[in-house]
Structures are given as structure tokens and as C-alpha cells.
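Peer 1:
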Amino acid sequence: MIEATTSMNSTWVDAGAIDDLSIGAGTCVMVEGKQVAVFRVDQTTFRAIQNQCPHRGAAVMHQAIVADRAGEPVALCPLHKRAYHLVHGGCLEEPGAKLQVYSAVQDSGRILVGLADRA
Amino acid sequence: MGAHRTDNRWWPLMESQLTSNPKPSHVLVVGAGMVAARFCETLRELDPKVRITVVGEEPRAPYDRVHLSELFAGKSPSDLEMLPAPWYAENDVELITGQRVVSVDTASLEATTDAGRKLSADRIVLATGSAPFVPPLPGIDKPGFFVYRTVEDVEKIRSWGASCKQGIVIGGGLLGLEAAKALVDLGVETTVVEFAPRLMARQLDEAGSRLLLKSIQALGVNVVLDARSQAIVGEGKVEGLQMADGTVVPAGMVVASAGIRPRDEVARASGVKVGERGAIEVDDHMRTSVAGIWAIGECALHKGMVHGLVAPGYRMAEAAAHDIVGSSRPFPGFVAATKLKLMGVDVASIGDVNAAGDDFDDLVVKAPCAGIYQRVVWRISDRKLQGAVLVGDLEPFGELSALLTSGDPVPADPRALLAPPREEGAGADPIVCNCENVRRSKILQAIDAGATDLAAVKKATKACTGCGSCAQAVTGTIKKRLAERGIQVDRSLCAHFSHSRAELFDLAWKGKIQDFAILMERHGNGGLGCEVCKPVAGNIFASLWSGHVISHGRDALQDSNDRFLANIQKNGTYSVVPRIPAGEITPQKLQVIAEVAGKFDLYTKITGGQRIDLFGARLEQLPLIWKELVDAGFESGHAYAKSVRTVKSCVGSTWCRFGVQDSTGLALAIEERYKGIRSPHKLKFAVSGCARECAEAQSKDVGLIATEKGWNLFVCGNGGMKPRHAELLAQDLSSAEAMSVIDRFLMHYIRTADRLTRTSVWIEDIGGIEELRKVVLDDSLGICTQLEAQMDDLVKGFRCEWKVALEDPKILQRFRAFANDERPNPAIQFVRERGQRIPAGNEQ
Chain S
951 MIEATTSMNS TWVDAGAIDD LSIGAGTCVM VEGKQVAVFR VDQTTFRAIQ
1001 NQCPHRGAAV MHQAIVADRA GEPVALCPLH KRAYHLVHGG CLEEPGAKLQ
1051 VYSAVQDSGR ILVGLADRA
Chain Y
2 MGAHRTDNRW WPLMESQLTS NPKPSHVLVV GAGMVAARFC ETLRELDPKV
52 RITVVGEEPR APYDRVHLSE LFAGKSPSDL EMLPAPWYAE NDVELITGQR
102 VVSVDTASLE ATTDAGRKLS ADRIVLATGS APFVPPLPGI DKPGFFVYRT
152 VEDVEKIRSW GASCKQGIVI GGGLLGLEAA KALVDLGVET TVVEFAPRLM
202 ARQLDEAGSR LLLKSIQALG VNVVLDARSQ AIVGEGKVEG LQMADGTVVP
252 AGMVVASAGI RPRDEVARAS GVKVGERGAI EVDDHMRTSV AGIWAIGECA
302 LHKGMVHGLV APGYRMAEAA AHDIVGSSRP FPGFVAATKL KLMGVDVASI
352 GDVNAAGDDF DDLVVKAPCA GIYQRVVWRI SDRKLQGAVL VGDLEPFGEL
402 SALLTSGDPV PADPRALLAP PREEGAGADP IVCNCENVRR SKILQAIDAG
452 ATDLAAVKKA TKACTGCGSC AQAVTGTIKK RLAERGIQVD RSLCAHFSHS
502 RAELFDLAWK GKIQDFAILM ERHGNGGLGC EVCKPVAGNI FASLWSGHVI
552 SHGRDALQDS NDRFLANIQK NGTYSVVPRI PAGEITPQKL QVIAEVAGKF
602 DLYTKITGGQ RIDLFGARLE QLPLIWKELV DAGFESGHAY AKSVRTVKSC
652 VGSTWCRFGV QDSTGLALAI EERYKGIRSP HKLKFAVSGC ARECAEAQSK
702 DVGLIATEKG WNLFVCGNGG MKPRHAELLA QDLSSAEAMS VIDRFLMHYI
752 RTADRLTRTS VWIEDIGGIE ELRKVVLDDS LGICTQLEAQ MDDLVKGFRC
802 EWKVALEDPK ILQRFRAFAN DERPNPAIQF VRERGQRIPA GNEQ
């Protein structure tokens, strides 16, 4: 896949075509040696979090089910169904456990993931 | 302690003796049957400290003799235990089995067992029960003659009956018909021989008997009435029963079940007073003629009556326990009210149904073709109910037995007694559970206090913990009460759908919905969905509509296992299970598995379901592995899906010298038919080629066991977390018949079960095996044709998911570690153990 640089001042990585990702599905990209899981939350919203779960360290988060907990978007780890908030990365079951969050945007039909933490 | 007295006025004396020494320190219970168990339970509740010892001659803890015939329908003796095995230790009750008390010293209250053991106590309770009456016929010593009372009797009958084509039951009463049911369940052609001119002469009137006779004959049982048995004939073993008129009914076995005799021999040997015709005389507190000795159950004679039913036995146990601790709950005497299911026919008898004469009036409702007969008899002079017979419809049972107990006059218009639906008067509070004496008001209280299902009501009230015949009445009461109170039992799947899985299934089916967004829009509460509703939707769509389970849009509904058609493991790798139908595999195919496992360095293990599991495959390796497996003719094993896993089988008649049918052949056909079909939870099947049951079919969702005539079909068994014995659904089916019953059973389950509910739990939800039988065998809902057609569609729609996935680039591109990097995921590391690769991090 292609690495692309956008107008923002960080590296953006192409995570594939939007149309290849079902709503609720995720995929994984390597960004400067870091594994990032990126999800299509709805038609136009994309979220990115660290791929390794803090619970067991397994590189599985991109296979998570996307869900909402009282309206808040979460990703459920496929190993033990722990819920991680897709906006701030916190674990809903275990205060303190947190996933790194990243930026994800769409551009010309492609999903782009950036290392900079979302503001 | 009390001296031995033989006069008839011992009771006032005994009371004074007891008050002088009110605190019992050691209670010895002689006999370990149902009533003894109830006594121990009650006494322990009343007095947490008193030492309790129970001695019984049978080699096992007290069990539910009433349901003995269920041993023939697949239950094990431990299923029938009255109290769970640990109860005795936890409650400090010493249980001595396999020893019979032969005498009691009435002065010192010391008992002696047949093993010579001496047990001294300060209270003794005789609960010696009764013995089957053995008719004094020549030839009863021949092998093949049995009585029907204990688990051991059942085991003997079962092993003998396995090689018997025809059997005879002597006795057409309650116990005789129970024994006949047992023989029928064994697959033996059964004849019931009754001395009286009708069946259940004690409990039923003539018309009631006639209807019962008709229903039983319709089940294929021969009944010979007015028949006097003369001798059991046969060379070296039973070959038939000779009647008084000289005719011989041929049979390989004879079971006598013609009444019971109270076991009063210990009482006799010890000088405790017994009645003229046997049984131990007791007062309202179950005290015998000897101070410090009580008698309860079938061995007791209360006001000239021996009670052979369990409900009065329980009341006696409670009376004795209360008396012993110094409180009082006298035995009320008992209105003989019997409710039972005889070979599938509901029969109830209350009071004296044969009262006749000028002073009696009766009311009869008859619909012989519908199998219904109801009759009530009352005395004209005081309008007191005398008795009632109910066959086919037992609805009025509770009200009638309550009326008989209370002695209240029958209504001015007696038709109200039998006319459904009965309006509930403000004061009406009928007994719903006769065994435990639980009135409706008590059940309503429990419901109002939060017991909203049968299990909770059982726990709170003890209703339905005896014979179980009131289960439906209790469930009905719960439903009605909750509806009255406007309480909705929350069946919501999750925050996103206020429906049960079954309701969603119907909505999706009728609305032809194939898409989660539409399901949410039309029936959901909005939002993204969650880990509960999304896989349920994916599963329902897969059950209803063909198309790939992970086609674009549906993939994200599935959990990772379903989404990647493999089983995720702790380190994020997957395991692969190719289908090995019925566990049968050629050496060539085994070699393919070996080669693939070797090539990808997969940890290899034999599963519990006669297949092979290959562990440690990386996501991106799955299509490569499956390419090789599919090319060699393997299909997906669906180990990742809520679907049919395995059909375990033995080699059956092909190889086994005991096999009577081709179990492997049928297992192959079944696995072929149902593979890949999505259901509310996983399904495990098994087929055994003979009664030895090597495939363990009785622990499966669907199990088939070969008989001489075909297949016995067992359903709703489970191993695993909550083991449950499967129950017999149908007998002697051909392979084709079995398949169409399984079609209906599975489709009914798929349509109505809650999510992640195994068949073993679902069967309880839908009201048990009888209810299931009505739907899938009697077609009570008129849906059998539809169920079969729906199943047929699913079967026709089958395609190996891996084969299809390998041909679909859109699906294949999901199988990669990174969207932008072809290298394997560096976070996944392995080490070696015992020559195979395992996840790193396990080794310490």
C-alpha cells in the first residue's frame, strides 16, 4: 500500500478503500513500527486505536466488534470482550487500562491513519 | 424410656413421658426411602443440632421411586436422588446404606442390623415402606420373573428385557401400569393382566376405566381383564403365563406389580403394635404403641388406612418431625387424591369415586373421542363431595381436591365444578401442588416477592418439587399473575432491541430483512448495536437467508471466530478444524492433514469430537491452509460457528460384533444434512450402533441409539458445564423417519430458542419433553410441514464457507496482518514444547 502525506503536518498511512470496509469492521495498519487498528464506525466516521490489547498484549483489536455503550462508541476485544472507548481509548471495565488513540480520516475514497493523537 | 404397651390407650401416657424428656439427642430413621428423606430434611430444618442416622437396606441414598420408570427413558439413578449427594454430609446426617435393621429393643431403643451393627438412639422412626406383593403362583422362581420396586429391580428388568420380545405385567392398577410403561419403553410387546374387570379399579369408576383402557390399547399395549393367573410356565426360564382357563400367554418375562404389602416385620419382631391385616398402628402424630418410636409412610396404619402415595407420606414425615422436636403438626388424615400420567394419559382420582346409592348424585362430562371423561359424586343430604374421576383433562383437580379437604358443600349448580373456565371467587384458594400441599395463595405471594419463573417459585414454595405433575399449573399461575400485575419479564436481547431472539427471528423472517441497519431501523432502539445483538442478527440472517455468512456487510456482525472462519486463540492466532464426518477418515486424508500441519508448523491435537484441531495459524495463513485442505476434499468443520459441530459415532454393525445398525452410515448422513446450519448455540450429535452406547448419544443435543427395529431418538442432552441426560423423543424410527423428526426438532429450536441457549436449557423453557413431543410429533401447532420445508431450504443452500471464501477476493483481502505491510505480525511469537509449537509466554 501507499504512504501518503496530507496537508496536516504528520505522516498519514493509507489503510485501504472505504468501500472495502463494512460498517462496523476494522483493519490493521503498521504506522512507523506501531500497529494501529482502524474501524469504520458508521458511513462516514472512522476511528483508530492501538492494535494490541492492554489486557493480554495480543495483537487482535482490529478484529473487535464495534458497539455502543449507552451511545458511546466502543470496540470489544475478541478475546474477552472488554470494551475500549473509541474516542479516548479507556477500558470501560477496568479504570486505568487505556489504549493509545490515533487519527483516522477519509480522503478521496481512502481511509487514512495518522500517528498524531487526536486532539 | 417407655415400656412396651399393647393396650389401645397408650397415647395420653406417651405424651406425659415425652414432656419429661423433650429434647431429642439422637434420632434413628429405619428405612431410607422417599418419606425417610423428607423426614430427615424436615427434622434438620426444625432442629439444626440433633444427631440423625438413617439406615436403609438398598445400596443407595433415598431416591424418587415414583419416577422409577424414567430410568427406562434415559435417566440415571443419580437423577432420581431425593437429596443431592453432598446434602447428608453438609447437614450432618449419617446415611448407612446396604444394611437392614432386623429388630429394635423397645426398652433401650437400640436397633440391630443384619450386619450385626448396634445403633442406639433416643428416638426411632420406622419408615420401612412396603414390599411388592408377590402372587403365590407356581413358577415365580424361574429366571425372567420380576417385581418392580427398586432401582435394582429396574436394572434386572432392563438387562433381561433387552433380549425379550414379549412381556407380561400382572396387575392393572397404578403400579402395574407404571411397570407396563417401563416395558413399553424397553421396546417389549406388553400385555397387562388384571384380575378385576377393569383397570385401576380402586381409583377409577367404570366409565373412567373404560376410557383409560381405550387410550392404553391405542398405544399398542394388550390388556386382559377379568383374568386369573395360574402359573408361570417355561423350561428353565419364563416362557409364558398360564391363565385359569388354561390358555397360555407367551412371554419372555413376567413382572408382578399387583399391589404392595407394608413392611412391618421390624415392628412385629420388636413388639410394636401392628394392625390385624398388617402395618404399624399410629396416632395423628405418627406415634406407635411404644414410646419413643414413630412410624411414617407406607408401613404406617392411620385410622385403619395405609396410604400408598407419596404425598400423605410426606405429611406423615412432617407430623413425626414436628412431634419429635416438641411442636405439633398432626397428620390431617388424607384425602386420596392421585394425579398422574399413565402412558401419556392424564388421570386423576379424588376420594371415593365408587360411592353409590339413593343418597348420591353425580355429574358427568364425557367426550370419549377427545379422550375426556370427568365425573364428580356428592352426597345429596349434606352436599359434601365424595369423589371425582378425571381422565384427559385434569383442570378441575386442584379445586376438587380442595373442596373435598375443606368439606364445604358443592355449589348449588354443581356444573360449576367441571365447567371451564372457572371464575376465581374471592375466597377460592385451591391446592396447586398436592405433594407439598401448596395453595395458590402461597405461589402468588412468592411471585409478588420476585419469583418470576418456575425455578424461583419451586425454591420459594417447594411447589412442584414432588411428583412434578403441577409444573404446568404453576407456570400458568406465574404467567397469569405477572400479566395481571403488568409485570413484563424482560426478554430484551440487549439495550438495542427490546425483543427476544425468537421474536427477532420472526421479525426478520416475515419482514424478509437481510441487513442489520434495516433491522435496527425498523425494530431497534437505535445506535451501533453491540456484541449481543450483532452476532444474533448475523446468526439469524445465516439461518434464514442463503448467501455467505461473511459476505460484505454481514462480516462485521460476526464475532472474530465467525468472521474469519476459524477459532481465535489467546495470542491472536487461529485454530483450524476440517470436517471429518462421523470421525471416519482415510489414511490418505490423514496424510493431507499431517502434511498441512507440518508445512505450517501447526500444533496438532485430537478433539473430543472425533476430529483434529490444528493450532497456531496466523490470520494471513488461513486461506493458504484452507486452499490445501479444500483441494484435498476437506470442508469447513464449523468449529467456529453456532452450528452442528460433530456427529460422534461408533463403527456399528459394520465392524462391531454387538452392533445392530449401521451407526457410522447414519452419522455420515446426519452430518451431511445438517452441516453448516446456524443455530442459537452449538449443536453436538452422536449415533450409537447398539444399547451399549459407545458414542455417548445420551449426552448430546441429538442422539440416536440403534435398536433391533431402528433408532431411538434422544434429544436435549448436554455434557460440559451443566450436564443433562438426553430424553427419549421417539422410538424405533427408520433412518428417514429419524431425519424428518430431527428436521422439525432443529428448526423448532432454531426458531424459538434464546441466544446462546443450548437445547438442554431450551427444553425446560418450552415446558419439557411432552410439550416438545406435541409440537414436533403430534403437530399441535400445525407447523411440521413448514419446519421441514424450512430445513430443506437451509440444507439445499449449503456451500462450504471456506470453498466460497477462497473464490472471493473481497473476502480474502481481509485475511492479512496489515493493510499496508505484507510481513507477518511481529507480536506473535512461538516457543516449542514436546515437539510442537505453542504461544510464547506459556513456558514459564
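Just so you know, the protein sequences line up as chains S and Y, in that order.
Mapping to the numbering used here: the first sequence position 67 is 1017, numbers consecutive.
Mapping to the numbering used here: the second sequence position 12 is 13, numbers consecutive.
A virtual CB, placed ideally from N, CA and C, is assigned to each residue, including glycine.
#1: Whose C-alpha, out of Y:Lys676, Y:Ala484, Y:Thr476 and Y:Gly666, is nearest the C-alpha of Ser544 (chain Y)?
#2: Entirely within the segment 694 to 781 of chain Y and at least 4 residues each: give me those alpha helix (DSSP H) ranges in chain order.
#3: I need the straight-line Cα distance from Leu730 (chain Y) to Phe506 (chain Y), nearest angstrom please.
#4: Beta-carbon separation of Val648 (chain Y) and Pro582 (chain Y) under 8 Å?
#5: Confirm, please, whether the CB-CB distance from His639 (chain Y) to Ser77 (chain Y) is below 8 Å.
#6: Specify the secondary structure class of Val55 (chain Y) as computed by DSSP and reduced to three states.
#7: Can you list, in chain order, the residues of its chain with a C-beta nearer than 7 Å to that of Lys143 (chain Y)? Leave out the 5 residues immediately preceding and following it.
#8: If we ignore side chains and look at the alpha-carbon of each, how far apart do Gly162 (chain Y) and Phe146 (chain Y) end up?
#9: Pull up the distance between the alpha-carbon of Ser104 (chain Y) and that of Cys434 (chain Y), whole angstroms please.
#10: Determine the burial state of Lys459 (chain Y): buried for a count of at least 16 other Cβ atoms within 10 Å of its Cβ, exposed for fewer.
#11: Do we get a CB-CB distance below 8 Å when we pair Thr977 (chain S) with the residues of chain Y?
#12: So, for Gly173 (chain Y): in the same chain, excluding its five sequence neighbours on each side, which residues have a beta-carbon less than 6 Å away from its beta-carbon?
#13: In terms of residues, what are the limits of the alpha helix (DSSP H) holding Trp546 (chain Y)?
#14: Between the alpha carbons of Asp206 (chain Y) and Leu214 (chain Y), how many angstroms are there, rounded?
#15: Which same chain residues end up closer than 7 Å to Leu757 (chain Y) when comparing Cβ atoms and leaving out the 5 residues on each side of it in sequence?
#16: Whose CA, out of Y:Asp123, Y:Ile53, Y:Leu72 and Y:Leu81, lies closest to the CA of Ala90 (chain Y)?
#17: Are Val991 (chain S) and Val1063 (chain S) close, meaning C-beta to C-beta below 8 Å?
#18: Using a Cβ-Cβ cut-off of less than 8 Å, list which residues of the segment 657 to 686 of chain Y approach chain S; keep chain order.
#19: Given that Ala1025 (chain S) touches chain Y, what residues does it touch there, using C-beta distances under 7 Å?
#20: Span of the alpha helix (DSSP H) holding Met792 (chain Y)?
#21: Between which two residues does the alpha helix (DSSP H) carrying Gln559 (chain Y) extend?
#22: With a threshold of 8 Å, are at least 3 pairs of Cβ atoms found where one atom belongs to the segment 363 to 376 of chain Y and the other to the segment 320 to 327 of chain Y?
#23: With H, G and I counted as helix, E and B as strand and the rest as coil, what does DSSP make of Gly477 (chain Y)?
#24: Let me know if Asp65 (chain Y) comes out buried or exposed under the rule of 16 or more other beta-carbons within 10 Å of its beta-carbon.
#25: Apart from the five residues just before and just after Ser210 (chain Y), which ones in its own chain have a Cβ nearer than 8 Å to its Cβ?
#26: Could you give the DSSP three-state label for Gln837 (chain Y): helix, strand or coil?
#27: Tell me, which residues are paired with Pro263 (chain Y) by DSSP?
#28: From the DSSP secondary-structure annotation, give me the bridge partner or partners of Met980 (chain S).
#29: Is the CB of Val1055 (chain S) under 8 Å away from at least one CB in chain Y?
#30: How long is the line joining the alpha carbons of Gly530 (chain Y) and Val1016 (chain S), rounded to whole angstroms?
#31: Quick check: the Cα distance between Pro422 (chain Y) and Pro397 (chain Y), rounded to an integer number of angstroms?
#32: Considering only C-alpha positions, which residue in the set Y:Lys340, Y:His308, Y:Val346 and Y:Val354 is nearest to Phe332 (chain Y)?
#33: Quick one: list the residues of chain S neighbouring Ile829 (chain Y), beta-carbon separation under 8 Å, in chain order.
#34: For the candidate residues Y:Val597, Y:Glu400, Y:Asp632 and Y:Ala707, whose alpha-carbon lies nearest to that of Cys657 (chain Y)?
#35: With a threshold of 16 other CB atoms inside 10 Å of the CB of Asp969 (chain S), please say whether the residue is buried or exposed.
#36: Would you report the Cα separation of Lys606 (chain Y) and Ala509 (chain Y), rounded to the nearest angstrom?
Peer 2: Put simply:
#1: Sequence index remark: in the second sequence, residue 544 (chain Y) carries index 543 (1-based). Comparing Cα positions, the closest option is Y:Lys676.
#2: For the segment 694 to 781 of chain Y, whole alpha helix (DSSP H) runs of length 4 or above, ordered along the chain, are 736 to 753, 760 to 766 and 770 to 777.
#3: On the second sequence, position 729 is the one that residue 730 (chain Y) refers to. On the second sequence, position 505 is the one that residue 506 (chain Y) refers to. Cα to Cα, Leu730 (chain Y) sits roughly 25 Å from Phe506 (chain Y).
#4: What you label residue 648 (chain Y) is simply residue 647 of the second sequence in a count that begins at 1. What you label residue 582 (chain Y) is simply residue 581 of the second sequence in a count that begins at 1. Yes; because the gap between Cβ atoms is below 8 Å, this pair is in contact.
#5: The residue given as residue 77 (chain Y) occupies position 76 in the second sequence. The residue given as residue 639 (chain Y) occupies position 638 in the second sequence. Contact: no.
#6: For the purposes of this step, residue 55 (chain Y) is identified with residue 54 of the second sequence, where counting begins at 1. Strand.
#7: Within the second sequence, numbered from 1, the residue matching residue 143 (chain Y) stands at position 142. Excluding sequence neighbours, Lys143 (chain Y) sits near Ile233, Gly235, Lys238 and Val239.
#8: Counting from 1 along the second sequence, the entry for residue 162 (chain Y) is found at position 161. Counting from 1 along the second sequence, the entry for residue 146 (chain Y) is found at position 145. Using only the alpha carbons, I get a separation of about 11 Å.
#9: Start at 1 with the first residue of the second sequence, and residue 104 (chain Y) comes out as number 103. Start at 1 with the first residue of the second sequence, and residue 434 (chain Y) comes out as number 433. Taken atom to atom, the span from the alpha-carbon of Ser104 (chain Y) to that of Cys434 (chain Y) is near 37 Å.
#10: For the purposes of this step, residue 459 (chain Y) is identified with residue 458 of the second sequence, where counting begins at 1. Lys459 (chain Y) is buried by the Cβ-count criterion.
#11: For the purposes of this step, residue 977 (chain S) is identified with residue 27 of the first sequence, where counting begins at 1. Yes, contact with chain Y.
#12: As a first step, residue 173 (chain Y) must be located in the second sequence, where it is residue number 172. Result list for Gly173 (chain Y): Val193, Glu195 and Leu200, in chain order.
#13: Here residue 546 (chain Y) refers to the residue found at position 545 when the second sequence is read from its first residue. Note, Trp546 (chain Y): premise wrong, no alpha helix (DSSP H); not H, not E.
#14: Locating residue 206 (chain Y) in the second sequence gives position 205, where the first residue counts as 1. Locating residue 214 (chain Y) in the second sequence gives position 213, where the first residue counts as 1. Between Asp206 (chain Y) and Leu214 (chain Y), the C-alpha separation is close to 12 Å.
#15: For the purposes of this step, residue 757 (chain Y) is taken as the residue at position 756 of the second sequence. Hits under 7 Å: Pro681 and His682.
#16: Locating residue 90 (chain Y) in the second sequence gives position 89, where the first residue counts as 1. The candidate whose alpha carbon is nearest that of Ala90 (chain Y) is Y:Ile53.
#17: Along the first sequence, one-based indexing puts residue 991 (chain S) at 41. Along the first sequence, one-based indexing puts residue 1063 (chain S) at 113. Pairing Val991 (chain S) with Val1063 (chain S) gives a Cβ-Cβ distance that is not under 8 Å.
#18: Listed by position, the residues of the segment 657 to 686 of chain Y near chain S (Cβ gap below 8 Å) amount to none.
#19: As a position in the first sequence, residue 1025 (chain S) is number 75, starting the count at 1. Within 7 Å Cβ-Cβ: nothing; Ala1025 (chain S) doesn't reach chain Y, min ~10 Å.
#20: By one-based count along the second sequence, residue 792 (chain Y) stands at place 791. Annotation for Met792 (chain Y): the continuous alpha helix (DSSP H) segment containing it runs Cys785 to Lys797.
#21: In the second sequence, counting from the first residue as 1, residue 559 (chain Y) sits at position 558. That residue, Gln559 (chain Y), is in no alpha helix (DSSP H); it is neither H nor E in DSSP.
#22: These segments do not touch.
#23: As a first step, residue 477 (chain Y) is located in the second sequence; it is residue number 476 there, counting from the start. DSSP, reduced to helix, strand and coil, places Gly477 (chain Y) within a helical segment of the structure shown.
#24: Here residue 65 (chain Y) is taken as the residue at index 64 of the second sequence, counted from 1. Around the Cβ of Asp65 (chain Y), a 10 Å sphere holds 16 or more other Cβ atoms; the residue is buried.
#25: What you label residue 210 (chain Y) is simply residue 209 of the second sequence in a count that begins at 1. Excluding sequence neighbours, Ser210 (chain Y) sits near Arg199, Leu200, Met201 and Ala202.
#26: Position 836 of the second sequence, counted from the first residue, corresponds to residue 837 (chain Y). Note: Gln837 (chain Y) maps to strand in three-state DSSP.
#27: What you label residue 263 (chain Y) is simply residue 262 of the second sequence in a count that begins at 1. In DSSP, Pro263 (chain Y) forms a bridge with Y:Ser131.
#28: Here residue 980 (chain S) corresponds to residue number 30 of the first sequence, with the count starting at 1. Listed as beta-bridge partners of Met980 (chain S) by DSSP are S:Gln985.
#29: Indexing the first sequence from 1 puts residue 1055 (chain S) at position 105. Among the CB atoms of chain Y, none fall inside 8 Å of the CB of Val1055 (chain S).
#30: Taking the first residue of the second sequence as position 1, residue 530 (chain Y) is located at position 529. Taking the first residue of the first sequence as position 1, residue 1016 (chain S) is located at position 66. Computed Cα separation, rounded: 8 Å.
#31: If you number the second sequence from 1, residue 422 (chain Y) lands on position 421. If you number the second sequence from 1, residue 397 (chain Y) lands on position 396. With a pLDDT of 48 at Pro422 (chain Y), under the threshold of 50, the predicted position of this residue should be treated as unreliable, and no value is reported.
#32: Taking the second sequence and counting its residues from 1, the one referred to as residue 332 (chain Y) is at position 331. That would be Y:His308, whose Cα lies nearest to the Cα of Phe332 (chain Y).
#33: For the purposes of this step, residue 829 (chain Y) is identified with residue 828 of the second sequence, where counting begins at 1. Counting only Cβ-Cβ distances below 8 Å, Ile829 (chain Y) has contacts in chain S at Ala1009, in chain order.
#34: As a working note, residue 657 (chain Y) is residue 656 in the second sequence. Residue Y:Ala707 is the option with its Cα nearest to Cys657 (chain Y).
#35: By 1-based counting over the first sequence, the position of residue 969 (chain S) is 19. Label assigned to Asp969 (chain S): exposed.
#36: Along the second sequence, read from residue 1 onward, the residue named residue 606 (chain Y) stands at position 605. Along the second sequence, read from residue 1 onward, the residue named residue 509 (chain Y) stands at position 508. C-alpha of Lys606 (chain Y) to C-alpha of Ala509 (chain Y): approximately 40 Å in a straight line.
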